[in-house]
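Student: Here the protein sequences come in this chain order: A and B.
Heads up, the first sequence is in the working numbering, so the first residue is 1 and it goes up one at a time.
Heads up, the second sequence is in the working numbering, so the first residue is 1 and it goes up one at a time.
Each residue gets a CB set at the ideal place from its N, CA and C atoms; glycine is no exception.
All of these numbers come straight from a predicted model, not from anything done at the bench.
Structure below; questions to follow.
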Amino acid sequence: MNDLTLPLLCRRVRVRGLVQGVGYRPFVYRLAFELGLSGWVRNDAEGVDIEARGPAPLVERFIARLRAEAPELARVEAVEVREAEPERSLPGFLIVESRGGHASTAIGPDSALCHDCLEELFSPQDRRHRYAFTHCTHCGPRYSITRELPYDRARTSLAPFPQCPACTAEYADPHNRRFHAEANCCPDCGPQLRLLDAAGQPIAGDPVREAVRLLQAGKIVALKGYGGFHLACDARNGAAVAELRKRKHREEKPFAVMAANVASANALCALGGDEAGLLELPERSIVLLRKQDNTDTQLPGVAPGLQWLGLMLPYAPLHYLLFHAAAGEPEGLAWLAQAQDLVLVMTSANPGGEPLVTDNAEAVERLAGMADAFLCHDRDIVIRSDDSVIRCDEGGVQFLRRGRGQTPRPIKLKDEGPAVLAFGPYLKNTLCVVKGREAYLSQHIGDLDNVPTVNFLEETVAHLLHILDVEPQVIAHDLHPDFPSTRLAAAFAAERGIPAIAVAHHHAHIAAVLAETRYPKPVIGLALDGIGLGEDGGLWGGELLRVDGADCQRLGGLLPLQLPGGDRAAREPWRLAAAALHALGRNGDIEAFVARRYPDQQGAGMIAEMLRKQLNCPPTSSLGRLFDAAAGLLGLRASQRFEAQAAMELEGRAHAWEERHGPAAPLTDGWNINNDGHLDLLPLLAWLGECDDADLGAARFHATLAAGLVHWAAAAAERANLSTLALGGGCLLNHLLSRDLRMGLQARGLAVLEARQAPPNDGGIALGQAWVARQSLGR
Amino acid sequence: MSHGSGGRAMAQLIDELFAPLLGNDYLAQGNDGSVMPLPDGPGRLVMATDAHVVSPLFFPGGDIGCLSVHGTINDVAVMGAKPLYLSASFILEEGFALADLKRIVESMAAAAKEAGVPVVTGDTKVVEQGKGDGVFISTTGVGWLPAGIELSGNRAAAGDAILVSGPIGDHGMAIMSQRESLAFESPIVSDTAALHGLVADLLASGVQVKVLRDPTRGGLGTTLNEIARQSGVGMMLQEARIPVQPAVAAACEFLGLDPLYCACEGRLIAIVAGEDKDKALAALQAHPQGTGAAIVGSVHEDPHHFVQMTTGFGGKRIVDWLTGEQLPRIC
Ligand SMILES: [Fe+3]
Ligand SMILES: [Mg+2]
Ligand SMILES: [Zn+2]
Ligand SMILES: [Zn+2]
Numbered sequence: 001m002n003d004l005t006l007p008l009l010c011r012r013v014r015v016r017g018l019v020q021g022v023g024y025r026p027f028v029y030r031l032a033f034e035l036g037l038s039g040w041v042r043n044d045a046e047g048v049d050i051e052a053r054g055p056a057p058l059v060e061r062f063i064a065r066l067r068a069e070a071p072e073l074a075r076v077e078a079v080e081v082r083e084a085e086p087e088r089s090l091p092g093f094l095i096v097e098s099r100g101g102h103a104s105t106a107i108g109p110d111s112a113l114c115h116d117c118l119e120e121l122f123s124p125q126d127r128r129h130r131y132a133f134t135h136c137t138h139c140g141p142r143y144s145i146t147r148e149l150p151y152d153r154a155r156t157s158l159a160p161f162p163q164c165p166a167c168t169a170e171y172a173d174p175h176n177r178r179f180h181a182e183a184n185c186c187p188d189c190g191p192q193l194r195l196l197d198a199a200g201q202p203i204a205g206d207p208v209r210e211a212v213r214l215l216q217a218g219k220i221v222a223l224k225g226y227g228g229f230h231l232a233c234d235a236r237n238g239a240a241v242a243e244l245r246k247r248k249h250r251e252e253k254p255f256a257v258m259a260a261n262v263a264s265a266n267a268l269c270a271l272g273g274d275e276a277g278l279l280e281l282p283e284r285s286i287v288l289l290r291k292q293d294n295t296d297t298q299l300p301g302v303a304p305g306l307q308w309l310g311l312m313l314p315y316a317p318l319h320y321l322l323f324h325a326a327a328g329e330p331e332g333l334a335w336l337a338q339a340q341d342l343v344l345v346m347t348s349a350n351p352g353g354e355p356l357v358t359d360n361a362e363a364v365e366r367l368a369g370m371a372d373a374f375l376c377h378d379r380d381i382v383i384r385s386d387d388s389v390i391r392c393d394e395g396g397v398q399f400l401r402r403g404r405g406q407t408p409r410p411i412k413l414k415d416e417g418p419a420v421l422a423f424g425p426y427l428k429n430t431l432c433v434v435k436g437r438e439a440y441l442s443q444h445i446g447d448l449d450n451v452p453t454v455n456f457l458e459e460t461v462a463h464l465l466h467i468l469d470v471e472p473q474v475i476a477h478d479l480h481p482d483f484p485s486t487r488l489a490a491a492f493a494a495e496r497g498i499p500a501i502a503v504a505h506h507h508a509h510i511a512a513v514l515a516e517t518r519y520p521k522p523v524i525g526l527a528l529d530g531i532g533l534g535e536d537g538g539l540w541g542g543e544l545l546r547v548d549g550a551d552c553q554r555l556g557g558l559l560p561l562q563l564p565g566g567d568r569a570a571r572e573p574w575r576l577a578a579a580a581l582h583a584l585g586r587n588g589d590i591e592a593f594v595a596r597r598y599p600d601q602q603g604a605g606m607i608a609e610m611l612r613k614q615l616n617c618p619p620t621s622s623l624g625r626l627f628d629a630a631a632g633l634l635g636l637r638a639s640q641r642f643e644a645q646a647a648m649e650l651e652g653r654a655h656a657w658e659e660r661h662g663p664a665a666p667l668t669d670g671w672n673i674n675n676d677g678h679l680d681l682l683p684l685l686a687w688l689g690e691c692d693d694a695d696l697g698a699a700r701f702h703a704t705l706a707a708g709l710v711h712w713a714a715a716a717a718e719r720a721n722l723s724t725l726a727l728g729g730g731c732l733l734n735h736l737l738s739r740d741l742r743m744g745l746q747a748r749g750l751a752v753l754e755a756r757q758a759p760p761n762d763g764g765i766a767l768g769q770a771w772v773a774r775q776s777l778g779r
Numbered sequence: 001m002s003h004g005s006g007g008r009a010m011a012q013l014i015d016e017l018f019a020p021l022l023g024n025d026y027l028a029q030g031n032d033g034s035v036m037p038l039p040d041g042p043g044r045l046v047m048a049t050d051a052h053v054v055s056p057l058f059f060p061g062g063d064i065g066c067l068s069v070h071g072t073i074n075d076v077a078v079m080g081a082k083p084l085y086l087s088a089s090f091i092l093e094e095g096f097a098l099a100d101l102k103r104i105v106e107s108m109a110a111a112a113k114e115a116g117v118p119v120v121t122g123d124t125k126v127v128e129q130g131k132g133d134g135v136f137i138s139t140t141g142v143g144w145l146p147a148g149i150e151l152s153g154n155r156a157a158a159g160d161a162i163l164v165s166g167p168i169g170d171h172g173m174a175i176m177s178q179r180e181s182l183a184f185e186s187p188i189v190s191d192t193a194a195l196h197g198l199v200a201d202l203l204a205s206g207v208q209v210k211v212l213r214d215p216t217r218g219g220l221g222t223t224l225n226e227i228a229r230q231s232g233v234g235m236m237l238q239e240a241r242i243p244v245q246p247a248v249a250a251a252c253e254f255l256g257l258d259p260l261y262c263a264c265e266g267r268l269i270a271i272v273a274g275e276d277k278d279k280a281l282a283a284l285q286a287h288p289q290g291t292g293a294a295i296v297g298s299v300h301e302d303p304h305h306f307v308q309m310t311t312g313f314g315g316k317r318i319v320d321w322l323t324g325e326q327l328p329r330i331c
């Protein structure tokens, strides 16, 4: 090693990216130690700064391994090397004090417990055996416990827990994986679990064992996770699930579940492709998995009538302890490789659609009447985050919701530019802070129809600006004047005297895709969505756009259907079926049709009259509503219990048909492109109204829709002399539609851009708004 | 009546139609204006004006004639004033049926008489066919505000209670059902009425009244948002306590409309000191126009001035201040 004939080098190395709070400095230290190099490492405002001295080949090897072997949670974006004079000439390698006022480039997301910590958790000899707050520099909570930066203990919710001598020694030892683990603690010095009854009084005994006993007895227990409380019950107990539905006033909307491990998940759903790997990522998102034939029998009432089950694996020690107790508290980790019987419903504790409950006292108060017991603890949640939801398709991973485990990880943009703050849409609100080339899309905030969620949006704005140290130069918001997000944005901009830019909803949908794909040129955008306010004041949602940065030109839309009763029609697909008949010039058939498909439905005559008189029947080109119309025409359901229920059933039936017969052929002459650029699918709708095989109808609807959209978009691309298409909007979460669109467009030689890092639905709107605002400054 | 018909025709119209119906000592003087006495004692004048445009002109429970009297009297009354005199100006569309005009003026006269507020001056113009919608009526009211009464939209404060004098949305739905000839199971009748008697009783009850309003266009939801912003406060309503007639609720439900945004023409919103809320309720309920009165919410501090409403399952939603139409927002 110490061959003194080799030339000696001194190099300064700058490492950028997510390299703080993830054990990067100890990693550098151990690497230098192993290679026998001298020098030092420190954190500063730009990342990690290193000086390495030693024989040239060893220094080079050291530099190469800085990226290749970086700790699991680190995201190394750049390793910049330059020659330098040594700052210190002492032999050996040191970790030196952080430099710079605000010492962090980034704070990491919350992360699932690592293998080493799990081993300790379940070895009876270890001092952290069954301790619910164990973690190390490679794992554990970050974003949810950090009040401000730099990330050190005093600024986290571990501040009230001084470390004991044993923990202090680990924290100070560069060879220990808890070296500088800011939230390090143990049973002697750290937070403690408590189990409270419905009235908030302590329940005697071991909190984990007692909680499992209650769960196994069919009770509902509120569990304090990283980002907030869940309401949990035994997912195999139909009565418990029904009771949870009753208490949460949640009729049919699917619940997500937590299973102990991949083996247990496999017993519930047939895992394909990369799904096992996705489940096991340290982010621990809820993964939508395709059910198998007996899933609904195994988990009665959990996700009735749908093809997908949302499933996640344990991430916090607390969750592991529950499964461990249910398994009889075996020693070691072997049990974690075997299928376990216990499956928990894990639903966000967000009563009344308000933000997730995070605080113990608040839980007892706000979840009164819902939870039979509360498994909580005295480590505060600083920032709440709902679970992330992802799905895997032919094109890769797709987000349905970004939250815990993902935020505040940035999405990388193509260019630098002024700092932007975007306030997001009305439903599924998220906000976005853009700084340099990084777009920080916030965790899921929620629907802004209630004040606590609006307050949560405001808090998150302040928190993100604070921890990212950003002073926005421009504000972006939706075009709709009545959204609380729009009003907050206007007030924020006025206070600071900076511009506020309104962005049409569907322009933002396409822009979000351009932002994350870093596509710099004009595209044809196909926005397939629910409803958003268009540039012309219309209700858009199935639009063909030409997007060139801040410019958005509408080339066409779906032929509008009317919404008899406005928003109400979106909850009642039979009304959209009536609107389709009206559009077909068959208003007179509405009553007979409704009587045939929905014998119990009252008021068909009145709906026909509303349509004739244009009474509260706003027209919309939304594809989401066209799905409702199709479901309504096939007689699938008169009313929806949750958003997109009818569309999901339609997709499920189409899938079922395809399983039996292979891909359906599009209906001949099922669509037209009319002179004003509208895609008219009325012939298809007419056929659906007569089709008595709902599976066939659903399959042919999907096939014809995709064929029509492909033709429509390809023709527009050709006219515009463009060869790239961006797909955005909530309808892209329909697996069959996005698959057929992608394949159809690619078959015509078009390049397809899709949302992969941000959700294609409204959860990605803020990113698109921010991108458009930046583009408009540049022009 | 034809447009451009000379002074003689107009004089005839006045002599034969307006004078006998609306007639009183002031009008009878036949001057360009009227001279009227004021009440004795310290006080101030209140004046309000309102142009009435309504389609259809005749609807269940009323017509544009009585509406034009009630609307302006109510604007004066919610200032806490006693309405004294009205003026009226008519814009008639050429060819408008004389019989219909007569019905309208009769209805105005009856409303003015019932309210005890004479129409003391007026004007009539005729416009070409196609340039009007039958008839437009502008009315102006003058009232007397005794010293010591201070009502204003900026006086609501945390702790105050919010009351309404009766079911909301009747007028809006009556107009709609008539205009669109919708046949509901039970007919919906406009609530149009003059509120000054009810207001007088409430003020006389000794309750500390902060704000009075009549929730006309935009309904209860819009009016409360206006007050919240003017006063710089938040409000919390209880959905279950807001009176809505079953027929109105059912029609709104079906049509996809929200009764919170449907117009009233004979309902009073009263914001009173919290400790007086029961007294205020009793005062309203003792008056024939307030039998359906209810305490519907309260005022609290809120820098965002949100009006919220607790709904069925203990949820709370924002009662929006709509700048435009009720645009669908589902996505
Ligand atoms: Fe959308
Ligand atoms: Mg007025
Ligand atoms: Zn660990
Ligand atoms: Zn300790």
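1) Have a look at B/228, B/318, B/98 and B/165 and flag the residue whose alpha-carbon is nearest the alpha-carbon of residue 296 of chain B.
2) Going straight from the alpha carbon of residue 102 of chain A to that of residue 470 of chain A, what length do you get?
3) I want to see whether chain B comes within less than 9 Å of residue 772 of chain A, judged by CB atoms only; does it?
4) Measuring straight from C-alpha to C-alpha, what distance separates residue 139 of chain A and residue 317 of chain A?
5) Output, in chain order, the set of chain A residues within a Cβ distance shorter than 8 Å of residue 315 of chain B.
6) Answer yes if the stretch 380-390 of chain A comes into contact with the stretch 747-755 of chain A, meaning at least three C-beta pairs across the two stretches below 8 Å, and no otherwise.
7) Please name the residue in A/454, A/274 and A/635 whose C-alpha comes closest to that of residue 694 of chain A.
8) Within 9 Å (strictly less), CB to CB, does residue 170 of chain B reach chain A?
9) On the DSSP letters alone, give me the boundaries of the beta strand (DSSP E) that residue 55 of chain B sits inside.
10) Say the cut is 8 Å; is the CB of residue 566 of chain A nearer than that to a heavy atom of ligand 3?
11) How about the stretch 34-54 of chain A and the stretch 79-96 of chain A: do they share at least three Cβ pairs that are nearer than 8 Å?
12) Compare the Cα-Cα distances from residue 29 of chain A to each of A/47, A/8, A/11 and A/51 and report the closest residue.
13) Give me the pocket residues for ligand 6, defined as CB within less than 7 Å of any heavy atom, sorted by chain position.
14) Measuring alpha carbon to alpha carbon, tell me which of A/352, A/439, A/473 and A/376 ends up nearest residue 446 of chain A.
15) In angstroms, rounded to a whole number, what distance separates the CA positions of residue 391 of chain A and residue 715 of chain A?
16) Give the interface partners of residue 256 of chain B over in chain A, defined as CB-CB distance under 7 Å, in chain order.
17) At a CB distance below 8 Å, what residues from the stretch 476-509 of chain A approach chain B? Give them in sequence order.
18) Would residue 610 of chain A pass as an interface residue toward chain B - the criterion being a Cβ-Cβ separation below 9 Å?
19) Check whether the stretch 525-536 of chain A and the stretch 488-495 of chain A touch, using three or more Cβ-Cβ pairs below 8 Å as the test.
20) For ligand 4, is there a heavy atom less than 8 Å away from the beta-carbon of residue 188 of chain A?
21) Rounded C-beta distance between residue 231 of chain A and residue 347 of chain A? I'm assuming under 8 Å.
22) Quick one: what's got a C-beta closer than 7 Å to residue 70 of chain B's C-beta in the same chain, skipping five residues either side?
23) Alpha carbon to alpha carbon, how far is residue 343 of chain A from residue 261 of chain A?
24) Closer than 8 Å: is that where the CB of residue 552 of chain A sits relative to any heavy atom of ligand 4?
25) According to DSSP, is residue 107 of chain A helix, strand or coil?
26) Can you check which of these residues, B/160, B/301, B/235 and B/268, is closest to residue 274 of chain B by C-alpha distance?
27) Please confirm whether any heavy atom of ligand 1 lies closer than 8 Å to the CB of residue 447 of chain A.
28) Label residue 312 of chain A either buried or exposed according to how many other C-beta atoms from any shown protein chain fall within 10 Å of its C-beta, with 16 as the threshold for buried.
29) Distance check for residue 503 of chain A and residue 175 of chain A, CA to CA, integer angstroms please.
Tutor: The answer reads as follows:
1) Stepping through the second sequence from its first residue, residue 296 of chain B is reached at position 296. Minimum Cα distance to residue 296 of chain B is reached at B/165.
2) Here residue 102 of chain A is taken as the residue at index 102 of the first sequence, counted from 1. Here residue 470 of chain A is taken as the residue at index 470 of the first sequence, counted from 1. Confidence at residue 102 of chain A is low in this model, with a pLDDT of 46, below 50, so its placement is unreliable and the value that follows should be read with caution. Across the structure, residue 102 of chain A and residue 470 of chain A are spaced so that their CA atoms are roughly 12 Å apart.
3) Stepping through the first sequence from its first residue, residue 772 of chain A is reached at position 772. Taking a beta-carbon distance threshold of 9 Å, residue 772 of chain A does not count as an interface residue toward chain B.
4) Within the first sequence, the letter at position 139 stands for residue 139 of chain A. Within the first sequence, the letter at position 317 stands for residue 317 of chain A. One C-alpha to the other measures close to 11 Å.
5) Within the second sequence, the letter at position 315 stands for residue 315 of chain B. 351, 352, 353, 354 and 450, listed in chain order.
6) Segments in contact, no.
7) One-based indexing of the first sequence puts residue 694 of chain A at position 694. The shortest C-alpha to C-alpha distance from residue 694 of chain A to any of A/454, A/274 and A/635 is the one to A/635.
8) Indexing the second sequence from 1 puts residue 170 of chain B at position 170. Not one chain A Cβ lies under 9 Å of residue 170 of chain B.
9) For the purposes of this step, residue 55 of chain B is taken as residue 55 along the second sequence, with counting starting at 1. Run containing residue 55 of chain B: none; DSSP gives neither H nor E here.
10) In the first sequence, the residue the question calls residue 566 of chain A occupies position 566. Not under cutoff, so the answer is no.
11) Taking 8 Å as the limit for Cβ pairs, the verdict is that the stretch 79-96 of chain A does touch the stretch 34-54 of chain A.
12) Locating residue 29 of chain A in the first sequence gives position 29, where the first residue counts as 1. The alpha carbon of residue 29 of chain A has as its nearest neighbour, out of A/47, A/8, A/11 and A/51, the alpha carbon of A/51.
13) Ligand 6 is absent from the structure shown, which contains only ligand 1, ligand 2, ligand 3 and ligand 4.
14) Here residue 446 of chain A is taken as the residue at index 446 of the first sequence, counted from 1. Out of A/352, A/439, A/473 and A/376, A/352 has the C-alpha closest to the C-alpha of residue 446 of chain A.
15) Mapped onto the first sequence, residue 391 of chain A falls at position 391. Mapped onto the first sequence, residue 715 of chain A falls at position 715. Straight-line spacing of the CA atoms in residue 391 of chain A and residue 715 of chain A works out to 31 Å.
16) For the purposes of this step, residue 256 of chain B is taken as the residue at position 256 of the second sequence. At a beta-carbon threshold of 7 Å, the residues of chain A lying near residue 256 of chain B are 565, 566, 567, 568, 569 and 616, ordered along the chain.
17) If the cut-off is 8 Å between Cβ atoms, the stretch 476-509 of chain A has 480, 481, 482, 483, 484 and 505 near chain B.
18) The sequence position of residue 610 of chain A within the first sequence is 610, counting from 1. Output row for residue 610 of chain A: interface = yes.
19) With a cut-off of 8 Å, the stretch 488-495 of chain A and the stretch 525-536 of chain A do not count as touching, because too few Cβ pairs lie within range.
20) Position 188 of the first sequence, counted from the first residue, corresponds to residue 188 of chain A. Yes.
21) Your numbering for residue 231 of chain A matches position 231 in the first sequence. Your numbering for residue 347 of chain A matches position 347 in the first sequence. Going by Cβ atoms, the distance from residue 231 of chain A to residue 347 of chain A rounds to 5 Å, so yes, they are a contact pair.
22) Position 70 of the second sequence, counted from the first residue, corresponds to residue 70 of chain B. Closer than 7 Å at Cβ, skipping near neighbours: 111, 192, 193, 194, 265 and 266.
23) Against the first sequence, residue 343 of chain A aligns to sequence position 343. Against the first sequence, residue 261 of chain A aligns to sequence position 261. Rounded to the nearest whole angstrom, the CA to CA distance from residue 343 of chain A to residue 261 of chain A is 10 Å.
24) Residue mapping note: residue 552 of chain A aligns to position 552 of the first sequence, counting from 1. No; taking the cut-off as 8 Å, the Cβ of residue 552 of chain A has no heavy atom of ligand 4 nearer than that.
25) Taking the first residue of the first sequence as position 1, residue 107 of chain A is located at position 107. Three-state result, residue 107 of chain A: coil.
26) Locating residue 274 of chain B in the second sequence gives position 274, counting from the first residue. The residue from B/160, B/301, B/235 and B/268 with its alpha-carbon nearest to that of residue 274 of chain B is B/160.
27) By one-based count along the first sequence, residue 447 of chain A stands at place 447. Taking the Cβ of residue 447 of chain A as the reference point, every heavy atom of ligand 1 lies at 8 Å or farther away.
28) Locating residue 312 of chain A in the first sequence gives position 312, counting from the first residue. Result: buried.
29) Position 175 of the first sequence, counted from the start, is the residue given in the question as residue 175 of chain A. Position 503 of the first sequence, counted from the start, is the residue given in the question as residue 503 of chain A. Cα-Cα distance, rounded: 52 Å.
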